[in-house]
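Notes for the one structure printed next.
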Amino acid sequence: MQNCDIPENLQNFYNKDTFWTKKVLQKLTTLSQKFNFNYIWPESLNCDNHEEIKLQFELLHTEIHKAYEKHLNKHRLHNINKYIDRRQQDFSDNQTRILNSILERKPQKITINRLLITPDEENPQLITDQEDIERITINHYQNVASSNNPALFTSYENLTPFWQHIYKEKHKSPEHQSILTTIITLEELTTTIQSLPNNKAPGPTGITYEFWKHFPKTHYKLLLIFFNNILNTGFIPSAWKEALLYPIPKPEFWNYQLDKTRPIILLETLRKIFVKIITDRLNKFLSSTNALQPNNQAGIAGSSTAEIILTIQTCIDIQITQNQKFYIMVQDLSHKNSVIIGNHLTNSFDLRNGVIQGEVISPILWVLYYDPLFEAINQTTYGGINLQANHPMNIYDHLNDPSIHSLQKNCKLLGYLDDTTWLNSSISHLEEHLNIADEFYNFSNIKINKTKCHLLTNDQDCINKGSVEINFGPTRINVDIIGKTDNLRILGAYFNAFNNHNKLYKKLLTTTNHLIHMIKKKKITEDMIIYVINKVILPRLEYMTQHIVVPNHINNRINIILRSAFKTISGLPKNFYTAAIHTSIIPNIIDFHDLQIRAKMANFYTASFNPITSDCIKILLLLSQNNFWYPRSPINIIQTFSKPLAKFNNIELLIHLLRNYNLTFTTNFNFSTKGGYFPIVDYLINPNYFFRYIRSLKTKRIMFLDQIIQPDSAFFKSWNEIKNSLHNKKGPIPLWYKHMINQYTLNPNNLRLNFDLPHLLQQILHVKRPKKGFNSPNQMIRLRNFWAHFWSPSVKDTTYGKILSKDNHNPNSPMMIMEHWVPCPIIDNFNNARDHTPNSRPNFLQPCEGCSLHYPYYIADLRPKYTTIEIYTDGACNVEQRQDITMGIGWLVTQPSTPSPITFSGSCKHFPSSTKAEAYAICTALLICPPRSTVNIYTDSLCCINTFHTITKRLTTPRRQLKIPNHNIWFIIAKIIAVNSLIVHLHKVKAHSGNRYNDKADILAKAGFTSTHLIEINQKHLPNNIQFIWDQHQDNIVVDQNVRHITRDIGNRQKFNAWLNYTTNTVLKQASFNQQIDWSMTEEFFKYNPHDRPTSHKLTKFRAWQYKMVNNLLPTMDVLY
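Using full-length UniProt numbering, read the sequence shown as starting at 1 and increasing by one per residue.
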């Protein structure tokens, strides 16, 4: 080969004798055969063939790369299918991994192999030495919650008199104190272990909760001895003092800075079981003694973030309505162990300060430590935001009778663990409260970050400045002001000072779009998209909007996004029926509009029952009543409007939403106004001018139609007649009067009404009423020969009665018990021919033998006085009835034994179930039991026994109590037991087992189907202030079930009815009305899974075929024709 002909760039290769050898040729030949490359490689390399060889090398490389890409794609496809299969299997086994995969969530871990420290802001240092990293990490977490300020006070005596009064020991009764100090019982231990969660990280020994849940119950006594020994001696095992500390990142990237991490401490599980028992006791003690301030209840049974969010939004709503300034400021609290760094442990260290975050009792310990600040602020007589609402009691003569309905509540400080919110009506008062707080933080050694404060206000001057300087103790800080259209995030909810929620609406849409965009890229099944929407997206939106009512146009946009994703994943056409997607007959996604109604009703119901927030609900309702200038609850007038008005506040929007489900509610409290029968607002339903009419009516103090019509109820009064009776006679003829004349007169000239009114009784409102005569708030007065008469609207006649007693017991209204007497005819035996004139005929009364006015008040006082009673109860449900199902109740007393057995049989209605009937039987049986007696009730309903134990536990939260089916009757049972000091034990007996007493109770219960004794609950004696009423057929059924479930069922049936109303489903609708379709079996048909996996793409396609088939959307010949 001629070297002169070799290109310069190949000269180095050709000069090597080992380049083109037999071994190289063999490898090239093998590669060519493996990749089907047909080329015979020459045995020598020379100037003539080197270009050809170079070209063949390139072609061979291309073939090899193609083969590589082919195998790589095959490998990738294999992995994709493997993970898809795993995802489908995880649908029933590991939902967390599914969500992490679909939503692209990666659990963040911290590996502390380097640290970035900033001794000063200009010269940050990167630490990589392992010993230095360990030393700095231990020092950080050892002092993470410590304050740099020296303690101002070291003992109680060193405190100022103001704080000594706050920290003074409070009186506690021995009964309450015994809750904490009694020995631990086997029932406490068993209940605690059974309630332990699964899949929780263990402590240093690696023993999990699952181990203790499977621990032999025969060995529980050993644990009891161990726990009670700790409780009595106060000595804690040394192993319990050791723990593992895991640093976890905050939401933002931690950037190797420890101050951007949070410590999570893993404690020994047996220690946590012991502490949980103590925590439950402490929780019970705090909830029963009211030892904590009402605005500092985090961690206490029944408390949640909902109370604080509702209170803040109530403050904003009322201040805006009353055109008053407010200032809401949020502040930031800065927060023997081992730290896990990467895969190894540091040396052990002692925690010098703070509360262990992994401890069960930690929230309560923090609340107790923080509570003195709340007590100090609450005791101040200045500042705060006043929530106030007023409404007149008497529309006439308000100058001489200025009495009004008035409710007031002051809010200064709200706290949920380390989230602290200050509320005030002026900056100066806010600074005074912050001065008290600064003193508390200093001597209690609490570390706070004063620079991280934000202020929400409707003060336009402050908003224009963008920030304001506030004195926080001796420090003057610059606080950022939230903009007019911006939101302040508190406990996950977003608040706006002017209730301008446009940015929140935009965030809802952005959040929904972002999550759906991630979902659409994934190869998931129909079941998965339903799970993600119903369990992730919608709950997130629900929490963000719990304090507001989202308008319909935003609801529709959210639903459109969700339905579009559902149709795409499920393989359904774009024109698939909307109602079919939301109907419960098939696997469906929830309508966000329906979800909002469910959530708002449940939160509203719970808030009215919770003593922390019930005052807010009452104030809002009274304020709404005054806004609508209505003499009673404005619920009906609000639901009269076809669309909500722009000036409706949140509670009025909620009331308007209820009309979609034919729901309303009644209250146990009443703010009625005297002065007439017919509210004038009922005749002024004009959305354009409604509140303009209201302002004029308020100025002139006209609330009733009675004030502007003639006594004969046939004509309007002229405006001059009306004006002469007004205190304020200024101004022209108002628009509302012109509206009334134009709409409700036959002829505007003669002012005759075009509708009939009943003849109105002329009221004498200035007559002095007799005094009640009570000297104390709890008193009963028995009277002799006292009589009364009054007009009864039900019988439309004068009613006479003899007063037996007057009863005044809080919290009930004063009550007068009367014996009904009726006039009797008189026969004149001396002169039958002479007729008496009506004015001279004598009036004679006799006791009434029975009528609709009678109420058997004294029936319970006829019971014998015994101390031990045994009663067998039973309830039955008449399932043969298709409509208006009746439940029967029955019971008999077996101890004490009487010559004539004491039995009872009756009936009850609405929301039928055998469990409800059994609860009614227990309630009526307890009514006959004497006070301070022991009652043993034998029942065959295990559900009633479990519910009884649940409702009588003090730790059952208000929200959970309201979720109990038939909770109203259980509230009455609890009240009977408490008022009469009964000791009640429920015993389980086997049904139809030959027990003659239980069989007799069963016969009495079935006889109750036809009984005339219909048992109903007087709603005024219930502890919940609000009762929801279902009024679809004007039957006013009280909802005593889980409100969320009831509204879900109503909404599902509405969607089902809307689905049947589609034109393609006419045959289905007719067959359904003729009861030719078993919809329960149809639902099972749609749930049928012919495959061996929980979910799959084959199942998705199969269900898409089912949906199209049922909705007549398949391209069959009859459809095409």
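Backbone N, C-alpha and C define an ideal beta-carbon position, used for all residues, glycine too.
In or out: N747 buried (at least 16 other Cβ within 10 Å) or exposed?
By the neighbour-count rule (16 or more Cβ atoms within 10 Å), N747 is not buried but exposed.
E870, enclosing beta strand (DSSP E) - first and last residue
That run of the beta strand (DSSP E) goes 868–877.
Quick one: Cα of S608 to Cα of N1036, how far?
20 Å
Report the rounded CA-to-CA distance for N556 versus V550, giving the unit in angstroms.
Taking the straight line joining both Cα atoms gives about 10 Å.
Assuming the contact rule is C-beta atoms closer than 8 Å, G492 and Y416 should be a hit. Round their C-beta distance to whole Å, please.
G492 to Y416, Cβ: 11 Å. No contact.
Tell me which residues share the same chain as T950 and place their Cβ nearer than 7 Å to its Cβ, disregarding the 5 neighbours each side in the sequence.
T956, I964
Residue closest to Y866, alpha-carbon to alpha-carbon, out of L982, W891, T947, Q846
In terms of CA proximity to Y866, L982 leads the group L982, W891, T947, Q846.
My understanding is that Q895 touches E918, with C-beta atoms under 8 Å, so please give their C-beta distance in whole angstroms.
A Cβ-Cβ distance of about 20 Å is found for the pair Q895 and E918, leaving them out of contact under the 8 Å criterion.
Compare the beta carbon distance of I590 and N534 with 7 Å and say whether it is the shorter of the two.
yes
Rounded separation between P372 and I166 - CA only:
Cα to Cα, the separation comes out at about 6 Å.
My output table needs one value for I490: the three-state DSSP class, helix, strand or coil.
strand
Nearest candidate by alpha-carbon position, reference Q388, set D615, E134, N749:
D615
Do N968 and D1040 have their C-beta atoms closer together than 7 Å?
yes
Have a look at L77 and K54 and give me their C-alpha separation to the nearest angstrom.
For L77 and K54, the gap between their C-alpha atoms comes out near 34 Å.
Complete beta strand (DSSP E) runs within the region 482–557 (minimum length 3 residues, chain order):
For secondary structure counted as the beta strand (DSSP E) over 3 or more consecutive residues, the region 482–557 holds these complete runs in sequence order: 488–490, 493–495.
Whole-angstrom distance between G850 and N832, CA atom to CA atom:
At N832, the pLDDT of 49 sits below 50, so the modelled position is not reliable; the number obtained from the coordinates is stated separately. Distance between the alpha carbons of N832 and G850: 30 Å.
Beta carbon of W629, beta carbon of L735: below 7 Å?
no
Sub-7 Å separation of L1022 and Y605 beta-carbons:
no
Provide the residue(s) that pair with C411 in DSSP beta bridges, ordered along the chain.
I385
Taking all protein chains shown into account, decide if V330 is buried (16 or more other Cβ within 10 angstroms of its Cβ) or exposed.
buried
Return the CA-CA distance between R1103 and K574, expressed in angstroms with no decimal places.
16 Å
Where does I702 sit, in a helix, a strand or coil, going by DSSP?
Three-state DSSP puts I702 in coil, outside helix and strand.
Rounded straight-line distance, which links the Cα of C908 to that of Q460:
59 Å
Pairs of beta-carbons, one from the region 239–252 and one from the region 187–195, closer than 8 Å: are there three or more?
no
For T939, which three-state DSSP category applies?
strand
Counting C-beta neighbours from all protein chains within 10 Å, is the total for D1092 16 or more, i.e. buried, or is it exposed?
By the Cβ-count criterion, D1092 is exposed, with fewer than 16 other Cβ atoms from all chains shown falling within 10 Å of its own Cβ.
For R135, the three-state DSSP class (helix, strand or coil):
helix
Please report how far the alpha carbon of Y505 lies from the alpha carbon of N487, in whole angstroms.
In a straight line, the C-alpha of Y505 is about 11 Å away from that of N487.
Determine, for A599, whether the minimum Cβ-Cβ distance to residues of chain B falls below 7 Å.
No chain B appears in this structure, which consists of one protein chain only.
How would you call T182, buried or exposed, if buried means at least 16 neighbouring beta carbons within 10 angstroms?
By the 10 Å Cβ count, T182 comes out exposed.
Rounded straight-line distance, which links the Cα of F911 to that of D999
25 Å
Could you check if E268 is buried or exposed, using at least 16 other CB atoms within 10 Å of its CB as the buried criterion?
buried
So the candidates are S403, I110, N296, Y156; which of them puts its Cα closest to the Cα of P263?
I110
Compare the Cα-Cα distances from H739 to each of P687, K729, S725 and report the closest residue.
P687
Buried versus exposed call for Y737 [16 or more other C-beta atoms within 10 Å across all chains shown]
Under this definition Y737 is a buried residue.
Alpha-carbon to alpha-carbon, T667 and P931:
30 Å
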